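Here our numbering is used: the first residue of the sequence shown is 57, the next is one more, and so on. All C-beta atoms, glycine included, are put in the ideal place defined by N, C-alpha and C. Values in this document were obtained by computation on a predicted structure and should not be read as measured data.
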Amino acid sequence: MKANVGGIDKIARILAGIVLVGLAATGTVGVWGWLGIVPLVTGLMNWCPAYSLIGLNTCPLKK
Numbered sequence: 057m058k059a060n061v062g063g064i065d066k067i068a069r070i071l072a073g074i075v076l077v078g079l080a081a082t083g084t085v086g087v088w089g090w091l092g093i094v095p096l097v098t099g100l101m102n103w104c105p106a107y108s109l110i111g112l113n114t115c116p117l118k119k
């Protein structure tokens, strides 16, 4: 798995995931809030399967 999630994208995914999971855990939102696990994991792994399918890469070029 080649990293395809970089910088700002990674931070946004992790923060969105934490917020959604936190809201689901406290009962503020419904069960759908547990879907926040998906952006959280993809942000932590630096890899998104959907990006691989469509050929998108937000990682900076490495020299």
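query                                                                                                                                                                              : result
With a threshold of 7 Å, establish whether the CB of W103 neighbours any heavy atom of the ligand GDP.                                                                             : By its list of ligands, the structure shown contains no ligand whatsoever, and the ligand GDP lies outside what it can speak to.
DSSP on K66, reduced to helix/strand/coil?                                                                                                                                         : helix
Under a Cβ-count criterion, where at least 16 other Cβ atoms within 10 Å of its own Cβ denotes burial, should K66 be classed as buried or exposed?                                 : buried
Could you name the residues of the same chain whose beta carbon sits closer than 8 Å to that of Y107, not counting the 5 residues immediately before and after it, in chain order? : N60, V61, N113, T114
Count the other CB atoms within 10 Å of the CB of T98; is the residue buried (16 or more) or exposed (fewer)?                                                                      : buried
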